[in-house]
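Trainee: I have a structure here, written as structure tokens, and I will follow up with some questions on it.
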Amino acid sequence: MGEPDRNPMRRFLAGVRTWGKDVILKRVIGNSAYLFGSQAISAVLSILTANLLGVASFGELGVVIGFVTNINRLLSFRMADFVVRYVGGFLADDKRKNAAAVIKVAALAELGTSLLAYGVLVLLAGWGAESFVKDPATRPLFIIYGLAILGNVMAETATGALHVTGHFRSQALLNLLQSVITAGLFLVVFLNQGGIFEVMLVYLAGKMILGIGPVLLALYWLPKSLGKHWWRTPIRGNLPDRKPMLKFAINANFSSTVTILARDSEVLWVSYFFDTTVAGYFKVALAVINLMVMPITPFISTTFPEITRHIARREWARLKRLLARVTTISGVWTVSVIAGLLLLGRQLLFSEWSLFGRTIYIYKEAYGPAYGVLLVLLIGFGVANVFFWDRTLLLSFGKAEIPLRVSFFAMLGKVILAFLIVPVLGFLAEAALFSAYFVVSVGVLVLHGLGEIRRRESLDLETAG
10 MGEPDRNPMR
20 RFLAGVRTWG
30 KDVILKRVIG
40 NSAYLFGSQA
50 ISAVLSILTA
60 NLLGVASFGE
70 LGVVIGFVTN
80 INRLLSFRMA
90 DFVVRYVGGF
100 LADDKRKNAA
110 AVIKVAALAE
120 LGTSLLAYGV
130 LVLLAGWGAE
140 SFVKDPATRP
150 LFIIYGLAIL
160 GNVMAETATG
170 ALHVTGHFRS
180 QALLNLLQSV
190 ITAGLFLVVF
200 LNQGGIFEVM
210 LVYLAGKMIL
220 GIGPVLLALY
230 WLPKSLGKHW
240 WRTPIRGNLP
250 DRKPMLKFAI
260 NANFSSTVTI
270 LARDSEVLWV
280 SYFFDTTVAG
290 YFKVALAVIN
300 LMVMPITPFI
310 STTFPEITRH
320 IARREWARLK
330 RLLARVTTIS
340 GVWTVSVIAG
350 LLLLGRQLLF
360 SEWSLFGRTI
370 YIYKEAYGPA
380 YGVLLVLLIG
390 FGVANVFFWD
400 RTLLLSFGKA
410 EIPLRVSFFA
420 MLGKVILAFL
430 IVPVLGFLAE
440 AALFSAYFVV
450 SVGVLVLHGL
460 GEIRRRESLD
470 LETAG
């Protein structure tokens, strides 16, 4: 054997060259690319919407959409996670009847909770209009946009089934179709200078497509993975270990509830503490952040099935290699984008320029205060973007209670501090709390996940020895 190369740069380059031979990494990146392509249109649509409506109305639209979405998520189980966790394990062991039974249970549960969620939304719409928009006349907007809940009655289950069976390309094509249709409808509204109601209907149409489409795709693809008459598989007798499955579903749902309060309700929180103008600043800052995380977001759903398969097969070396490589990719991208936003963000995003004698801009100057929010949020979102797999790793181990506990205590601290300091220090304090929530919760979950890998690997070595 030759002497190992002691030059760190040559060792690094040699390691990078092996990435091209990594079949799992290539599959993850390829699937992520399918999902990424359609998201660019949605990002452009958000920018046009902001400039069409103005700061306050854009914030109002964000409040309506956020309120409806969070009511739905509050009362529904995260069935996509549940399906990937259990169907992925059963398919890895070629237990197709068990996998079919899990999908049926998930679909029925999601149907029931979605109907309940819409009923609750109708009851709370008046309170939402008064507390967040501070205008009771906007109640019909909440109820009408809430129809999206009924259009998404089994979407989570279907999405999880598509992910675990590897049909990312079909979902990406659906997302692209939805983006094109939504963009076309928005163009009509934009040319006619429509208001918040017309724009909301465009977003509603897009949500309906993304709700019904995955169900139709799943019905088409599942017979190829589970058998022609998979839907006839009886649930009774094909759901072993029901107690752990129920515990996982409940923990995942509570974890989702915590996530709603801590990280998916910023527009609602600042609208509650201040007004829809500040909500507009946060919505724009989050839209820009979304551009940063957009290439990495698909990795969450595409790595989850791979992580689950490696854990089911106890392939610890492959699991660690996958995590190291996707973290390197996300880290390089995130640091590069943050550097660009620090150097050119204000001039590029919130200033007017002259091009060929014409004044152009991305966001109108009225959105300028959003830049301060953006800079603060970059800290927390940067950490979360680099270690995007923190939660899914623990879910793949069946440790849904750990993300729940960590997120709960981090959320509790964030909410208590928000009521104490945000009304005094202003909306940038809310952005700082949001970033702190990410840094603390993601850091703790990463340590737990890596510790669980080491523990399982050690047990396997002891058993083998």
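Heads up, the final residue of the sequence shown is numbered 474 in my numbering, and it's a clean run with no missing numbers.
For glycine and all other residues, C-beta sits at the position ideal for the given N, C-alpha and C.
#1: By the DSSP assignment, the alpha helix (DSSP H) with residue 465 in it spans what residues?
#2: Label residue 425 either buried or exposed according to how many other C-beta atoms from any shown protein chain fall within 10 Å of its C-beta, with 16 as the threshold for buried.
#3: Put residue 136 into one of helix, strand or coil per three-state DSSP.
#4: Taking the CB atoms as reference points, tell me whether residue 225 and residue 163 lie closer together than 8 Å.
#5: Give me the Cα-Cα distance between residue 64 and residue 286, rounded to the nearest whole angstrom.
#6: State the Cα-Cα distance for the pair residue 97 and residue 317, rounded to the nearest angstrom.
#7: When you compare only the Cα positions, how much space is there between residue 467 and residue 319?
#8: Please determine, among 254, 280 and 57, the residue with the shortest C-alpha to C-alpha distance to residue 88.
#9: Evaluate contact between the region 329–341 and the region 396–414, counting only Cβ atoms and requiring at least three cross-stretch pairs below 8 Å.
#10: Hey, residue 444 and residue 389: beta-carbon distance below 8 Å or not?
#11: What are the start and end residues of the alpha helix (DSSP H) that includes residue 367?
#12: What are the uninterrupted segments assigned as alpha helix (DSSP H) that are 4 or more residues long and contained completely in the region 352–407, given in chain order?
#13: Hey, how far is the Cα of residue 323 from the Cα of residue 104?
#14: Under the rule that 16 or more other beta-carbon atoms within 10 Å means buried, what is residue 315, buried or exposed?
#15: In whole angstroms, give me the CA-to-CA distance for residue 160 and residue 204.
#16: Given residue 22, which residues of its chain have a CB within under 6 Å of its CB, disregarding the five upstream and five downstream residues?
#17: Since I believe residue 151 is in contact with residue 73 (beta carbons under 8 Å), could you give me their beta-carbon distance rounded to a whole number of angstroms?
#18: Between which residues of its own chain and residue 116 is the CB-CB distance below 7 Å, once the five residues before and five after are set aside?
#19: Beta-carbon separation of residue 279 and residue 439 under 8 Å?
#20: Drop a sphere of 10 angstroms on the beta-carbon of residue 360, count the other beta-carbons inside from all chains shown, and report buried for 16 or more, exposed for fewer.
#21: So, at 8 Å on beta carbons, what are the nonlocal neighbours of residue 54 in its own chain, with the 5 sequence-adjacent residues on each side left out?
#22: Would residue 432 be called buried (16 or more neighbouring beta carbons within 10 Å of its own) or exposed?
#23: Take residue 400 and list the residues in its own chain whose beta-carbon comes closer than 7 Å to its own, dropping the five residues that flank it on each side.
#24: Kindly indicate which residue of 357, 263 and 391 has the alpha-carbon position closest to the one of residue 420.
#25: Under a three-way DSSP split, which group does residue 176 fall into?
#26: When the Cα atoms are used, what is the spatial distance from residue 229 to residue 240?
#27: Return the CA-CA distance between residue 296 and residue 358, expressed in angstroms with no decimal places.
#28: Report yes if the C-beta distance between residue 68 and residue 381 is below 8 Å; otherwise report no.
#29: Checking 8 Å against the spacing of the C-beta atoms, do residue 298 and residue 386 come in under that value?
#30: Tell me whether the beta-carbon of residue 312 lies closer than 8 Å to the beta-carbon of residue 335.
#31: Who are the near neighbours of residue 374 in its chain, counting only those whose CB is closer than 8 Å to its CB and skipping five residues on each side?
#32: Specify the secondary structure class of residue 245 as computed by DSSP and reduced to three states.
#33: From residue 211 to residue 281, what distance separates their C-alpha atoms?
#34: Under a Cβ-count criterion, where at least 16 other Cβ atoms within 10 Å of its own Cβ denotes burial, should residue 429 be classed as buried or exposed?
Mentor: Result, derived from the coordinates:
#1: Run containing residue 465: 436–473, per the alpha helix (DSSP H) assignment.
#2: With fewer than 16 Cβ atoms within 10 Å of its Cβ, residue 425 is classed as exposed.
#3: In the three-state reduction of the DSSP assignment, residue 136 falls in the helix class, which pools H, G and I.
#4: Result no, Cβ atoms of residue 225 and residue 163 do not sit closer than 8 Å.
#5: Between residue 64 and residue 286, the alpha-carbon positions lie close to 5 Å from each other.
#6: Straight-line Cα distance between these residues: approximately 7 Å.
#7: For residue 467 and residue 319, the gap between their C-alpha atoms comes out near 16 Å.
#8: Measuring from the Cα of residue 88, the nearest candidate turns out to be 254.
#9: In the pairwise beta carbon analysis, the region 329–341 is classified as touching the region 396–414: at least three pairs are separated by under 8 Å.
#10: Contact: yes.
#11: Unbroken run through residue 367 is the beta strand (DSSP E), 367–369; no alpha helix (DSSP H).
#12: Those alpha helix (DSSP H) runs which fall completely within the region 352–407 and span 4+ residues are 379–395 and 399–405.
#13: Rounded to whole angstroms, residue 323 and residue 104 show a C-alpha spacing of 18 Å.
#14: When all chains shown are included, residue 315 counts as buried.
#15: In a straight line, the C-alpha of residue 160 is about 24 Å away from that of residue 204.
#16: Bear in mind that the predicted position of residue 22 carries a pLDDT of just 49, short of 50, making it unreliable; the figure below should be weighed with that in mind. Nothing meets the Cβ criterion.
#17: The distance from the Cβ of residue 73 to that of residue 151 is about 6 Å, consistent with a contact at the 8 Å cut-off.
#18: For residue 116, same chain residues with a beta-carbon under 7 Å away, outside a window of 5 residues either side, are 163 and 166 in chain order.
#19: Closer than 8 Å, so yes.
#20: Burial call: exposed.
#21: The answer, listed in chain order, is 188, 191, 192 and 195.
#22: It is exposed - the Cβ of residue 432 has fewer than 16 other Cβ atoms within 10 Å.
#23: 412 and 454.
#24: Cα-wise, what sits closest to residue 420 is 263.
#25: Coil.
#26: Looking at the two C-alpha atoms, the distance is approximately 12 Å.
#27: Distance between the alpha carbons of residue 296 and residue 358 is about 12 Å.
#28: Taking 8 Å as the cut-off, the beta carbon of residue 68 is found no closer than this to the beta carbon of residue 381.
#29: In contact: residue 298 and residue 386 (Cβ atoms closer than 8 Å).
#30: Result yes, Cβ atoms of residue 312 and residue 335 sit closer than 8 Å.
#31: Contacts found: 359, 360 and 361.
#32: Coil.
#33: Cα to Cα, the separation comes out at about 26 Å.
#34: A residue is called buried when at least 16 other Cβ atoms come within 10 angstroms of its Cβ; residue 429 does not meet this threshold and is exposed.
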